[in-house]
Amino acid sequence: MAKINQDYCRLRGSYLFSDIARKVREYESKGPALPIIRLGIGDVTRPIAPSIINALHSAVDEMGSAATFKGYAPDLGYDFLRKAIVDNDFKARGCDIEEDEIFVSDGAKSDSGNIQELFSTDNVVAVCDPVYPVYVDSNVMAGRIKNFDEDLDRWKDLVYMPCTAENGFVAEIPKEHVDIIYLCYPNNPTGTVIKKDDLQKWVDHANKTGAVIIYDAAYEAYIAEDDIPHSIYECEGAKTCAIEIHSFSKNAGFTGLRLGYTVVPKELEREGVSLNALWRRRHGTKYNGAPYIVQKAGEAVYSEAGKKELRAQIDYYMNNAEYIRSNLEEAGYEVYGGKNSPYVWLKTPNHLSSWEFFDKLLYGISVVGTPGVGFGPHGEGYFRLTAFGDRDKTVEAVDRIKSMTF
Ligand SMILES: Cc1ncc(COP(=O)(O)O)c(C=O)c1O
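For the sequence shown, position 150 matches number 706 in our numbering, and the numbering has no gaps at all.
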């Protein structure tokens, strides 16, 4: 009889967004008085920009002709895209990253879930709390995190780095020994950012202790202020201690198209083994490359017209963020994020728990957000709203929230 991987059986509950979707479906089936407005899951709503659509169309046409047809893509990504990534996301920012350090993929969720495969299950993992759930769950699936404390409602063999209002939602370097550190800035869910000097301290720490930082830069395109790094490689020494994960989902609306990439520097070695070589081997074995059509669309992201159109798209979402942030602040809410990030993180009023506040918004005014506790114990008492909605619906949702008394 086939035996089940018991590591999967240790996963807690179902995925946060599935729980939310179930509640919303049940509510919707009862025919609510007000139309539901969804500011919960971080999915974009603006259509794909015109220059990207043009690139998609011409790539589709190429597929229809024997002379230009493309079969399997190179495992690590087409050179045209890796060059555009290096030139625009790294060289333009003074980061010395080369094309053979870029691994094109179908998005940051897969990469941030899969990257842990490079490391022994003995490693101690540290995550921010609250955190994007994929980092923890993928380490549970791998058997690296096994013991859950039911009383405290947290993993015993995971190092939580609390991100609270007191530390500005920027994690402090853990005092205990850790081997793999997940950082994400601009942060999901808190919408906060890290200054370059603070990130440099993490890099120095990792180089000193031999830890590896997995830096999730999925939201870097939302950074508007100057002293906030877009890449960890803006810090000195990051190439010997950090892997960086990028996504085309939020900067270019590719949540449905699927495209991302991971940077594994050639200098990054542990126990005399090159992580770049290992990831190359892993990618070559388990992945057959992102579609040509989608990689051509990715190339268009870096064209002059593409950049201009995407700037306007990000501005659209950031206007929503500003509207949510400033109006809720005015209404007396304690609000964080929403400045260099599409996420607004608010403290629930009157000490309501995250799920109590979720229920009040859903059943009271048909607005869907995300309970902070779903991202980790320190998310309790907080709530996440996203700026990725339609402008009119966002305004309507904020007005409805303002009309509520607690
Ligand atoms: C922090 C973070 N990383 C990665 C992802 C996934 O990105 P992708 O759509 O490229 O898989 C998300 C999506 O919400 C995210 O919030």
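Even for Gly, the Cβ is constructed at its ideal location relative to N, Cα and C. As the structure is a computational prediction, the values presented were derived from the model and not from experiment.
Boundaries of the beta strand (DSSP E) in which residue i is found, first to last residue
i	result
Leu772	Residue identity differs from the one stated: residue 772 is Asp in this sequence, not Leu. Counting along the chain, the beta strand (DSSP E) containing Asp772 begins and ends at Val768 to Asp772.
His907	Taken as a continuous stretch (DSSP letters only), His907 belongs to no beta strand (DSSP E), as it is neither H nor E.
Phe573	It is not in any beta strand (DSSP E) - Phe573 instead sits in the alpha helix (DSSP H) that spans Leu572 to Ser585.
Arg940	Tyr938 to Thr942
Ile799	Ala798 to Ser803
Lys903	Tyr899 to Lys903
Thr818	Gly816 to Val819
Gly893	Val891 to Gly893
Val715	Val715 to Pro718
Residue i: CB within 7 Å of a non-hydrogen atom of ligand 1
i	result
Asp772	yes
Ala640	no
Ala664	yes
Ser668	yes
Cys740	yes
Thr748	no
Asn561	no
Gly724	no
Thr841	no
Thr811	yes
Tyr938	no
Tyr889	no
Asn896	no
Gly598	yes
Ser922	no
Tyr873	no
Asn744	yes
Gly816	yes
Tyr688	yes
Ser676	no
Ser543	With the chain covering only 557 through 962, there is no way to say anything about residue 543.
Ser803	yes
Cβ separation of residue i and residue j, assumed to be a contact under 8 Å, to the nearest whole Å
i	j	result
Ala629	Tyr848	5 Å
Tyr738	Tyr775	Between Tyr775 and Tyr738 the Cβ distance is about 15 Å, and since that is not below 8 Å, they are no contact.
Gly633	Gln851	7 Å
Pro689	Leu572	6 Å
Asn832	Thr796	So it is not a contact: roughly 12 Å between Cβ atoms.
Asn807	Leu866	6 Å
Tyr892	Gly747	6 Å
Arg710	Gln672	That belief does not hold up - the Cβ atoms of Arg710 and Gln672 are roughly 19 Å apart, past 8 Å.
Phe704	Arg566	7 Å
Check whether residue i and residue j have beta carbons under 8 Å apart
i	j	result
Pro745	Pro686	yes
Ile608	Val857	yes
Lys958	Asn883	yes
Cys742	Ser922	What sits at residue 742 in the sequence shown is Pro, not Cys. No, these two residues do not count as a Cβ contact at 8 Å.
Tyr716	Pro905	no
Leu941	Ile880	yes
Gly663	Ser805	yes
Lys752	Glu792	no
Ser803	Gly812	no
Val829	Ala794	no
Asp735	Asn679	yes
Ile801	Tyr778	no
Phe659	Thr818	yes
Ala611	Ala853	yes
Lys949	Ile593	yes
Asp667	Ser661	yes
Leu674	Trp901	no
Glu655	Arg638	yes
Gly928	Gly937	yes
Gly845	Asp631	yes
Start-to-end residues for the alpha helix (DSSP H) that takes in residue i
i	result
Pro606	Pro606 to Met619
Val759	Lys752 to Thr765
Gly862	Glu860 to Glu886
Lys949	Arg947 to Lys958
Val749	No alpha helix (DSSP H) contains Val749, which DSSP labels as neither H nor E.
Tyr564	Gln562 to Cys565
Leu813	Segment: none, Leu813 is in no alpha helix (DSSP H) and carries neither H nor E.
Leu739	Run containing Leu739: none in the alpha helix (DSSP H); it sits in the beta strand (DSSP E), Ile736 to Cys740.
Ala780	Per DSSP, Ala780 belongs to no alpha helix (DSSP H) and is neither H nor E.
Asn832	Leu831 to Lys842
Ala853	Tyr848 to Val857
Unbroken stretches of the alpha helix (DSSP H), 4 residues or longer, contained in the region 628 to 712: 635 to 641, 664 to 670 and 690 to 697
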